[in-house]
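S.K.: Sharing a structure with you now.
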Amino acid sequence: MKAFLECISCIIRQTIEILRRIVRSEKKRQRILAAVIGKMAKVDIHKMSPPEATKYAHDEIQRITGIKDLYKEPKKQNNREALQLYPYLKRLVRKARDPLLMAVRLAIAGNIIDYGALAEFDIKHTVKDVLGKKFAVSDYKRFRRDLKKTKLLLYIGDNAGEIVFDRVLIEELIKKIEVVFVVKSKPVLNDVLMEDAKMVGLDKVVKVIKSGSDFAGTIPSKGTKEFKELYKSAEMVISKGQGNFETLDQEKKNIYFLLKMKCPSLGRVTGFKAGDIILKRSR
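Per our numbering, numbering through the sequence shown is continuous, rising by one, with the last residue being 309.
What follows is the structure, given as structure tokens:
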């Protein structure tokens, strides 16, 4: 999926949010913001996906500030807050009429924890909101059928904090199939890294690998050798979040996209609205 012109305004908003958090001097913030705007002015975003376009801005911020992980502390905080909810999430699944469906809904609820799309969020409020909502599209019946034919499922994660909600779904899935969880190779936004998987104990539940990606999406052809081999051999893939949706939507693979839609501009090509909860199989 190619980026929209509106992506630039979102990238600038992200940049300002980052700078307010990591740079004290207003003058330095302005200088870095000007550098980012100058960089984006030279980029033809229509030739790349939104996550690839965003990478140009983040690379510029990292280059000037010398800070490699721009969301290190917020990610730790997200993980801690989500871990506090873990017993509550497990209870919801245990008491549900359809535990797998409940776990899927919770995994989507966790997708709200995204500094790239939203400046503020309330985790517990969002859980209740998502549980009370109807899916904008639901391929759940096909999802269940495909699981019965699957031996290996590749689960491509999205954000820190959200990974706790992913763990709840994964603990349902591994009752019958093998699951491998995928994290980013380098810091980008609040996307999940190996250290986040270890912090929430997911590495004790399933195998965790790095994708090779250093931007907020996944392009299989650019992945590590291990990722490409597992992607090819897995009968089924779960893709979490909007960034992965934007980069995997054209893949000829049995992929299920789990996300809460956050970008109004995507409605032009998807028909979804901001706030929609989605369980959608690839074409």
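Note that the Cβ used here is the ideal one computed from N, Cα and C, for glycine as well.
Within this structure, are the beta carbons of Lys102 and Met225 separated by less than 9 Å?
M.R.: Yes; because the gap between Cβ atoms is below 9 Å, this pair is in contact.
S.K.: For Leu292 and Val234, what's the separation of their Cα atoms in angstroms?
M.R.: In a straight line, the C-alpha of Leu292 is about 30 Å away from that of Val234.
S.K.: Helix, strand or coil for Met27? Go by DSSP, reduced to three states.
M.R.: It is coil, neither helix nor strand.
S.K.: Pairing CB atoms from the segment 196–216 with CB atoms from the segment 157–168, are three or more of them under 8 Å?
M.R.: Cβ pair count under 8 Å is below three, so no.
S.K.: How long is the line joining the alpha carbons of Arg46 and Lys98, rounded to whole angstroms?
M.R.: Cα to Cα, the separation comes out at about 15 Å.
S.K.: From what residue to what residue does the beta strand (DSSP E) around Leu305 run?
M.R.: Element bounds for Leu305: 303–307.
S.K.: I'd like the span of the beta strand (DSSP E) that includes Ile264, first residue to last.
M.R.: Counting along the chain, the beta strand (DSSP E) containing Ile264 begins and ends at 262–266.
S.K.: Taking Leu31 as the reference, give the member of Leu284, Met74, Leu228 with the closest Cα.
M.R.: The shortest Cα separation from Leu31 among Leu284, Met74, Leu228 belongs to Met74.
S.K.: Could you tell me which uninterrupted alpha helix (DSSP H) segments, each at least 4 residues in length, are contained entirely in the segment 166–207, listed from first to last along the chain?
M.R.: Complete alpha helix (DSSP H) runs here, min 4: 166–174, 188–199.
S.K.: Which residues does DSSP list as the beta-bridge partners of Ser164?
M.R.: BP columns for Ser164 point to Leu305.
S.K.: State the start and end residues of the unbroken beta strand (DSSP E) segment that holds Lys286.
M.R.: Counting along the chain, the beta strand (DSSP E) containing Lys286 begins and ends at 281–286.
S.K.: Exposed or buried, what is Tyr282 when buried is set at 16 or more other beta-carbons lying within 10 Å of its beta-carbon?
M.R.: When all chains shown are included, Tyr282 counts as buried.
S.K.: Could you tell me which residues DSSP puts in a beta bridge with Asp217?
M.R.: DSSP, once it has assigned bridges, lists Asn185 as partnering Asp217.
S.K.: What's the call for Asp70, buried or exposed, on a 16-neighbour Cβ count within 10 Å?
M.R.: Its Cβ having fewer than 16 others within 10 Å, Asp70 is exposed.
S.K.: Nearest CA to the CA of Gly320: which residue from Arg131, Ala223, Asn185, Arg294?
M.R.: Missing from the structure shown is residue 320; the chain here goes from 27 to 309 and no further.
S.K.: Helix or strand or just coil, what does DSSP make of Val69?
M.R.: Correct three-state label for Val69: coil.
S.K.: Measuring straight from C-alpha to C-alpha, what distance separates Lys175 and Ala300?
M.R.: So the alpha carbons of these two residues sit roughly 33 Å apart.
S.K.: If you draw a straight line from the alpha carbon of Asp275 to that of Arg120, how long is it in whole angstroms?
M.R.: Cα to Cα, the separation comes out at about 32 Å.
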